[in-house]
Structure formats: structure tokens, C-alpha cells
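Accompanying notes for the structure given below.
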Amino acid sequence: MNTLPFPHAASPTPEAAERGRKLFAGPVDFVKGVVSMEGLPPADRLEVCFAGRSNVGKSSLINALTGRKALARTSNTPGRTQEINYFDVGGHFYLVDLPGYGFAEAPVAVVAKWQALLKSYLAGRATLRRAFVLIDMRHGVKKVDEEIMTLLNRAAVTFQVVLTKSDKISLEAQEKTLAQVRAALARHPAAYPELLVTSSEKGEGIADLRAIIALME
Ligand code: GTP
Ligand code: MG
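Numbering (my numbering), first residue to last: 215 to 431.
Here is the structure:
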């Protein structure tokens with residue numbers, strides 16, 4: 215048993231895994247790309263969002279979850295996602311792909327605008343049930359991640375850390391990152407007490423994340 219705080223999320227029960235599988239095997243549709251708070255769809259259902267530094271793998275994770283290769287646009291160029299992109303899952307709830315924070319290959323004024331929108335969204339969306347904060351397993355928690363976590367704390371939005379790109383490093387290196395992440399999370403009361411390790415490339419943790427989301431409904 216893992217006695218450290220922030221253990222790995224427990225494996226879903228077969229029933230929960232099946233519920234997650236079914237949910238994401240059904241229709242998932244792009245709804246709209248939003249560039250201002252006024253453009254958000256009506257807050258009439260729950261939503262979960264994917265936040266994280268540019269290039270951490272937010273859009274790739276949405277594609278892996280939904281089993282659709284190009285539902286959310288991904289790219290090697292940090293700053294690919296420049297709007298708040300809404301996806302409807304079976305008419306039940308929204309998955310929200312956010313622009314990255316931190317480094318982005320886009321003009322300074324444009325980046326400033328979408329960063330402001332990102333912050334307004336994270337702090338002010340009543341139906342936001344949980345924010346998944348993605349952390350690259352190779353890099354751990356950086357200063358910009360801390361800023362977003364602090365903002366989520368202040369807004370009392372529960373956030374869960376999802377580690378990405380586990381396929382890129384050894385298990386030993388993963389443990390090092392996990393220790394750093396756990397220490398950082400201990401300072402944030404809004405942090406959900408379980409971590410999830412994923413690889414959109416190899417599929418690790420994807421069924422677990424489907425089940426976690428399905429159980430929120
Ligand atoms: P922005 O929209 O720019 O903020 O980026 P993002 O966080 O949406 O990242 P995106 O999903 O576009 O992925 C960035 C790059 O990382 C792409 O080249 C992906 O193919 C790669 N990538 C994402 N997830 C994984 C993973 O699990 N494993 C590996 N090896 N590469 C990944
Ligand atoms: Mg993206």
C-alpha cells in the first residue's frame with residue numbers, strides 16, 4: 215500500500231471501467247471554439263477541463279480518451295490550441311480543451327489575450343466540476359503550474375493532476391517526478407488526493423481516466 219499522500223488513483227472496478235468505456239465509445243462532438251467569456255455555451259451541464267503548459271499533451275489526451283485521432287488538434291508547436299474548445303460527450307457533459315500556458319509560439323498580444331481568458335474561465339465557470347491539470351512526466355511542476363494551482367485554490371475548483379507522456383521516461387525517472395509533484399501538491403488544498411499517470415501514445419491510464427470522468431456524472 216502506498217502511504218504517501220497523493221497515491222496513484224485506484225484501478226477502477228470492472229463496472230466503472232465499463233461505464234467509462236461506454237461513455238466514450240458513444241458520440242463525442244466538437245461544439246465550438248470560444249474566444250471570450252460571453253461565448254461560453256450555456257452552463258446547463260457539468261464539464262471537466264484539461265489545463266496545462268503548452269505542449270504538455272492536453273489535446274492528445276482528449277483524442278486518446280475519445281479514441282478519435284484528430285478530434286482535438288495537436289501539434290509539435292507549443293500554442294496550437296488558442297481557443298477554449300468545447301466537446302459534447304453523449305449530450306451528458308462537456309470536455310473542455312484549454313489553450314496552454316507558459317511558452318507559446320504566437321505573438322505576445324495574442325498570448326496575453328488567451329491567458330486572460332483561460333484565467334477567467336478557470337476561476338469563473340460555475341459548472342466546472344473538476345480541472346485536470348496536466349504535468350509532463352519529464353518536467354514535473356513548474357512555476358506556471360504553481361500559479362494555475364494557486365488560482366484554482368482561490369476559486370475553490372478541485373483539480374486533479376494527470377501526468378503525461380509516461381512512455382518517454384524510465385520508471386525510475388517517473389518516481390523522481392512523482393516525488394516532486396507530491397511535494398508541490400501538499401501546498402494546495404484544492405488538489406484532488408490521487409494522481410494519474412498516463413500516456414496518450416501507449417494508452418496507459420486512459421481507461422482509468424474514462425472511468426474517473428464517467429463516475430462524476
Ligand atoms: P497546446 O495546445 O499547444 O497547449 O499543446 P497540448 O498540451 O494540447 O499538446 P498536444 O496534445 O498538441 O501535444 C504536444 C506534442 O506532444 C505532440 O507532438 C504530441 O504528439 C506529443 N504527445 C502528447 N501526448 C504524448 C504522449 O503520451 N506520449 C508521447 N510520446 N508524445 C505525446
Ligand atoms: Mg492543445
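Don't be surprised by glycine CBs; every beta carbon is placed ideally from N, CA and C. Owing to the predicted nature of the structure, the values given are computational and were not obtained by experimental measurement.
Check                                                                                                                        : Outcome
Thinking C-beta only, is residue 266 closer than 8 Å to residue 336?                                                         : no
Give me the residue from 410, 380, 314, 286 with the minimum Cα distance to residue 332.                                     : 314
Which partner residues does residue 261 have in the DSSP bridge list?                                                        : 308, 342
Can you find a heavy atom of the ligand MG that lies under 7 Å from the Cβ of residue 379?                                   : no
Closer than 8 Å is the cut-off here; do at least three beta carbon pairs connect the region 399-417 with the region 299-315? : no
Okay, do the region 349-363 and the region 375-395 touch, 3+ Cβ pairs below 8 Å being the bar?                               : yes
By how many angstroms is the C-alpha of residue 366 removed from the C-alpha of residue 334?                                 : 11 Å
Quick check: the Cα distance between residue 239 and residue 280, rounded to an integer number of angstroms?                 : 7 Å
Could you tell me the alpha carbon to alpha carbon distance between residue 226 and residue 316, rounded to whole angstroms? : 33 Å
Identify whether residue 335 lies in helix, strand or coil by the three-state DSSP scheme.                                   : helix
Does the ligand MG have a heavy atom nearer than 7 Å to the CB of residue 294?                                               : yes
Taking the alpha-carbon positions, what's the residue 229 to residue 427 distance?                                           : 13 Å
Looking at the unbroken alpha helix (DSSP H) that takes in residue 367, where does it start and where does it end?           : 357-368
Quick one: grab the DSSP three-state call for residue 409.                                                                   : strand
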